[in-house]
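There are 2 protein chains.
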Amino acid sequence: MKIVSIKHKSVPIQSKIRNAVVDFSEMTAGIVVIESDVIRNGKPLVGYGFTSNGRYAPCGIMAERMIPRLLKASESSLLSEDGRNFDPFKAWEVMMRNEKPGGHGERSVAVGAIDMALWDLVAKIEDKPLYQILADRYRGGEVNRRVYVYAAGGYYYPGKDLEMLKKEIQGFLDSGYESVKIKIGGASLDEDRKRIEAVAELTGFPGRIAVDANGKFTAEEAIKWAEALAPYKLKWYEEPVDPLDYAGLANVAEIYEGSLATGENLFSTIDTRNLIRHGGLRSDRDYLQMDPALSYGLVEYIRTLEMLSDHGWSHVRCIPHGGHQFSLHIAAGLGIGGNESYPGVFGAFGGFGDNIHPQAGYIEMPDAPGIGIEMKSDLMQIFKNL
Amino acid sequence: MKIVSIKHKSVPIQSKIRNAVVDFSEMTAGIVVIESDVIRNGKPLVGYGFTSNGRYAPCGIMAERMIPRLLKASESSLLSEDGRNFDPFKAWEVMMRNEKPGGHGERSVAVGAIDMALWDLVAKIEDKPLYQILADRYRGGEVNRRVYVYAAGGYYYPGKDLEMLKKEIQGFLDSGYESVKIKIGGASLDEDRKRIEAVAELTGFPGRIAVDANGKFTAEEAIKWAEALAPYKLKWYEEPVDPLDYAGLANVAEIYEGSLATGENLFSTIDTRNLIRHGGLRSDRDYLQMDPALSYGLVEYIRTLEMLSDHGWSHVRCIPHGGHQFSLHIAAGLGIGGNESYPGVFGAFGGFGDNIHPQAGYIEMPDAPGIGIEMKSDLMQIFKNL
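Here is the structure:
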């Protein structure tokens, strides 16, 4: 059993949104297709992966480092002990050979997308959905058939007023979401307060609204905003400070009784361990949003979950960034708390499948083998063009 | 005044060395040439930069993100207020536009190499060595004409025994270095002890030997080694634990009275701030080795030095990783504590110039404008092939 080819490509996302820090009009995503020599129904089985969103396609890193290492590796160095499937953990070691410690960014995205494609392939070889593989290996077969999702939107873009924001949010609610997330910090505190209140008219109460500052504030600003946000009792207050300002976050946690959330810009287990050690977060209420696709894949994410358990954090506190099917399967199979969703924001790279929609805020998991990219026709079209 | 072109290329280093974690046989470096429309002696002035060593060439990131942003920028957005030179701080903002916070690695190398080339160009436009520009802007013109350097070597490679190690170290001493660094952790503690003692026979006493574990040890192992190393009173004990294990480092600092050193695998001011906040380092004895070329360039390094001053750390505690001319100029111009040197290790990417050799452990700064890559004929040959 071996890898026949690994193809990859950078694709523009062409999204018009912006958050408090960046605009996404020139953002790219990287796609990966791994073709195996396993023939099923007359065709070789392939695994599909992509780089989530928010970080640019790291195609040079894949092309020059990770892919050549995998293609040069001996067959046994990529296979499980019994030789009947690929072993993503062994592949991970091959991909990271001769990489120095530290500096976890970009290469974590390259490895993450390839790791996603490998797990898709592994599940297809066993002819099961990925969540079933994960549940069988790590949870005695227990699957969460329904996965909590929330709609992330409420971005700023030129000319977008309160009415347009409400229309966007109403669309999320109409399509089956119960909780939503909107950006803050790209406007004045007064203006953002009005945005939150406008959205609360639709969701019924502010406890169904999360707000996201994308790491824009200094610790002092973040505390000022925390004080202003506290009375709303929001679902959570996300990335109040720079993702690496652990001490600043701890200061916010000290005065903010509600839930905080962060982690989408931490790309390794060891960075996340620093967040847990130094960030002052509270395991009874706060949320961790590390995105497996951006942070060295599911192999590293499993290590992160183990590290979190060692520090007394339940899997249910994890709700990954990214809104992709990979995390949906991880939620169903490993029992993490849910998944982000971007209805209509990142084009083909948002959403879970053509006919997969939430009901009362939960996604019913489909039975397709792998992670189910075949069930998303717009995304499949991009893969077919490769 | 404008940038006419920015060329770049990935070049194999083809070094046979290995440390405790990686081997360097497939390592690459990225080179950058920025051509301006400033004509001097009938030729356009150009700036040269490269990616230091230890991290792979991030050519995809330069080609797809940083270089297009610079080439698309308006003339004024790259120039100083008086329009008479380029402004690397403004160029930095252009390069980092629409980049999310966190994940500092790889892109920090891309920005760092371009930043090096920009500073080289800025200094050539003023027809001065870079250290003079820096001294004039930040230290009232005060230059350290002599810069402390130490020879980093003592790598492991197949078949290298104690005699070969001693021959290597004697070569360093003969060529004008007084202190040296050798790797540890790639062999047993007993074997490494013998290596240290063999080298001490040559340097006269172990206070002239630094040892480098390249982040290989767990905190427990690092402490065991610290206890074994303490009696030698070494120059410093470098990267005992993973560069991001701040709490583990603090545990080592608690029991190790000698100097510790780390920072070469931290690539941003905010990562370094976490080291200072959480790493337990002592500003009266420990060393910080952040490499400006790997960590978003001199623009970010100046921010790092400011942050360090705010935390009570003198510039002299900084001795950058990398052994390149860029840091040599920064040491002379900004008064940091010295610079690493790799005599003969990284081919053309090691060393400071054809006729630039240390005397009694110090380099006498040359007068060539820019950072002086023209004075290194082997490196210039690589740039000329671009």
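Residue numbers (my numbering), protein chains in the order written: chain A, 1 to 386; chain B, 1001 to 1386. All C-beta atoms, glycine included, are put in the ideal place defined by N, C-alpha and C.
Alpha-carbon spacing of residue i relative to residue j, whole angstroms
i	j	result
Gly1047 of chain B	Arg1107 of chain B	20 Å
Leu1386 of chain B	His1008 of chain B	7 Å
Leu288 of chain A	Val1032 of chain B	39 Å
Met27 of chain A	Glu35 of chain A	27 Å
Asp1136 of chain B	Gly1351 of chain B	26 Å
Gly1176 of chain B	Pro1358 of chain B	5 Å
Glu1163 of chain B	Met1307 of chain B	44 Å
Glu1238 of chain B	Val143 of chain A	46 Å
Val22 of chain A	Val38 of chain A	42 Å
Gly1333 of chain B	Glu1197 of chain B	36 Å
Val337 of chain A	Glu75 of chain A	As written in the sequence, residue 337 of chain A is Gly, which differs from the Val given in the question. So the two alpha carbons sit approximately 36 Å from each other.
Lys160 of chain A	Arg195 of chain A	11 Å
Ile276 of chain A	Ile270 of chain A	10 Å
Gln132 of chain A	Glu221 of chain A	44 Å
Tyr148 of chain A	Lys166 of chain A	22 Å
Arg55 of chain A	Val11 of chain A	12 Å
Ile255 of chain A	Tyr246 of chain A	15 Å
Gln1170 of chain B	Gly1323 of chain B	19 Å
Tyr342 of chain A	Gly263 of chain A	18 Å
Met93 of chain A	Cys1318 of chain B	It should be pointed out that residue 93 of chain A corresponds to Glu in this sequence rather than to Met. Answer to the nearest angstrom: the Cα atoms are 33 Å apart.
Val4 of chain A	Ser1025 of chain B	26 Å
Ala1151 of chain B	Ile223 of chain A	48 Å
Thr272 of chain A	Lys128 of chain A	31 Å
Ala111 of chain A	Met66 of chain A	The question names Ala, yet the displayed sequence has Val at residue 111 of chain A. Roughly 7 Å separates the two Cα atoms.
Ala1365 of chain B	Leu189 of chain A	The question names Ala, yet the displayed sequence has Met at residue 1365 of chain B. Approximately 53 Å between the Cα atoms of the pair.
Gly1102 of chain B	Leu1078 of chain B	25 Å
Arg18 of chain A	Met95 of chain A	33 Å
Tyr156 of chain A	Glu168 of chain A	12 Å
Ala230 of chain A	Leu266 of chain A	26 Å
Ile1061 of chain B	Val109 of chain A	13 Å
Assumed close pair residue i, residue j - CB separation to whole angstroms, cut-off 8 Å
i	j	result
Pro320 of chain A	Asn339 of chain A	6 Å
Gly388 of chain A	Lys181 of chain A	Nothing in the structure corresponds to residue 388 of chain A, since chain A is present only between 1 and 386.
Ala261 of chain A	Ala210 of chain A	7 Å
Leu1173 of chain B	Gly1207 of chain B	That pair is no contact at about 14 Å.
Ile371 of chain A	Phe383 of chain A	Not confirmed; about 12 Å, so no contact.
Tyr296 of chain A	Asp87 of chain A	Actually they do not touch by this definition, with Cβ atoms about 16 Å apart.
Leu379 of chain A	Ala348 of chain A	4 Å
Chain A residues whose Cβ lies nearer than 7 Å to that of residue i
i	result
Asp1127 of chain B	The contacting residues do not exist; Asp1127 of chain B stays about 36 Å from chain A at best.
Ile949 of chain B	As shown, chain B starts at 1001 and ends at 1386. That puts residue 949 of chain B outside it, with no answer to give.
Asp1023 of chain B	Asn98
Buried/exposed call for residue i, threshold 16 Cβ in 10 Å
i	result
Arg282 of chain A	exposed
His311 of chain A	exposed
Lys1072 of chain B	exposed
Gln1014 of chain B	exposed
Lys124 of chain A	buried
Asp120 of chain A	buried
Ser377 of chain A	exposed
Ser1268 of chain B	buried
Ala360 of chain A	exposed
Thr218 of chain A	exposed
Pro68 of chain A	exposed
Gln381 of chain A	exposed
Lys43 of chain A	exposed
Ser309 of chain A	exposed
Residues that residue i contacts on chain B, provided the C-beta gap is smaller than 9 Å
i	result
Ile61 of chain A	Tyr1056, Pro1058, Gly1060, Ile1061 and Glu1106
Gly215 of chain A	Lys1100, Pro1101 and Gly1102
Asn274 of chain A	Leu1244, Asp1245, Tyr1246, Ala1247, Asn1274 and His1278
Partner residues on chain B for residue i, Cβ-Cβ distance less than 7 Å
i	result
Phe346 of chain A	Within chain B, no residue comes near Phe346 of chain A; the closest Cβ sits about 14 Å away, beyond 7 Å.
Arg277 of chain A	Ala1247
Val180 of chain A	The contacting residues do not exist; Val180 of chain A stays about 21 Å from chain B at best.
Within chain A, partners of residue i - CB distance below 8 Å
i	result
Phe1267 of chain B	Gly102 and Gly103
Residues that residue i contacts on chain A, provided the C-beta gap is smaller than 9 Å
i	result
Glu1064 of chain B	Ser10, Thr28, Tyr56, Ala57, Cys59 and Gly60
(request) Return the chain-ordered ranges of every beta strand (DSSP E) run that is complete within the region 1205 to 1258 of chain B and spans a minimum of 3 residues. (result) Within the region 1205 to 1258 of chain B, the complete beta strand (DSSP E) runs of at least 3 residues are 1209 to 1212 and 1236 to 1238.
Q | Every unbroken beta strand (DSSP E) inside the region 334 to 375 of chain A [3 residues or more] | A | When DSSP assignments are scanned along the region 334 to 375 of chain A, the uninterrupted stretches of beta strand (DSSP E) that are 3 or more residues long and fall wholly within it turn out to be 339 to 341 and 362 to 364.
Threshold first: 4 residues or longer. Then list the alpha helix (DSSP H) segments lying entirely within the region 1032 to 1082 of chain B, N to C. With a minimum length of 4 residues, the continuous alpha helix (DSSP H) runs that stay inside the region 1032 to 1082 of chain B are 1067 to 1072.
Self-check item: Entirely enclosed alpha helix (DSSP H) segments - the region 270 to 338 of chain A, minimum 4 residues
Solution: Complete alpha helix (DSSP H) runs here, min 4: 297 to 310 and 325 to 334.
Kindly provide the ranges of any beta strand (DSSP E) runs that are 3 or more residues long and lie completely inside the region 168 to 211 of chain A, ordered along the chain. As far as the region 168 to 211 of chain A is concerned, its whole beta strand (DSSP E) runs of at least 3 residues are 180 to 183.
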